[in-house]
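Numbering (the working numbering), first residue to last: -16 to 128.
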């Protein structure tokens, strides 16, 4: 580990210094609606998870999963408490949830040096339980590109 001192909030040059690294152990990624359509092999594109609009908000539809997978509680960081709910519209999600450079900027502003990133709950489960292992692998590869 580096012995260089870090500020509590790197974005603030006048902040007190801290002698340790700050690691966030529970950050969630918000997968963009076109994630799989853009990245998975053409032969699988009609089967990939897709985001659909519902009266309550937007949600993922996944082959073999009977219910839509909403993402509001996964994407609520930075939203006013009165709008935090299980169902959200995609356009309410902060860019830091899905644009890597924005995530780094937000982490820097918060003084976070590193983070463990997790996918949307149930979204990854829907992929893992798919019985077509070649399709499953194609989705995982596209996700990790």
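Idealized CB from N, CA, C, for every residue including glycine.
Between which two residues does the beta strand (DSSP E) holding residue 99 run? It spans 97 to 101 - the beta strand (DSSP E) in which residue 99 sits, taken as one unbroken run.
Compute the Euclidean distance between the alpha carbons of residue 13 and residue 81, then round it to the nearest angstrom. 5 angstroms
From residue 124 to residue 27, what distance separates their C-alpha atoms? 12 angstroms
Residue 7 and residue 95 closer than 8 angstroms at C-beta: Taking 8 angstroms as the Cβ cut-off, residue 7 and residue 95 qualify as a contacting pair.
Have a look at 2, 110, 16, 38 and flag the residue whose alpha-carbon is nearest the alpha-carbon of residue 48. Taking each of 2, 110, 16, 38 in turn and checking the Cα distance to residue 48, the smallest one comes out for 110.
Run through the segment -8 to 76 for me and flag every whole beta strand (DSSP E) of 3 or more residues, listed as ranges in chain order. As summarised for the segment -8 to 76, the continuous beta strand (DSSP E) elements at least 3 residues long and confined to that stretch are 6 to 11, 33 to 37, 40 to 44, given in chain order.
Decide if the segment 87 to 105 is in contact with the segment 23 to 37; the criterion is three or more beta carbon pairs, one per stretch, under 8 angstroms apart. no
Distance between residue 58 and residue 76 (C-alpha atoms, nearest Å): Straight-line Cα distance between these residues: approximately 6 angstroms.
Let me check understanding here. Comparing Cα to Cα, which of 3, 11, 84, 20 lies closest to residue 121? Selected option, being the one with the closest Cα: 20.
Is the CB-CB distance between residue 90 and residue 98 below 8 angstroms? yes
Residue 127 - DSSP class collapsed to helix/strand/coil: helix
According to DSSP, simplified to helix, strand and coil, what is residue 91? Residue state, collapsed to three classes: helix.
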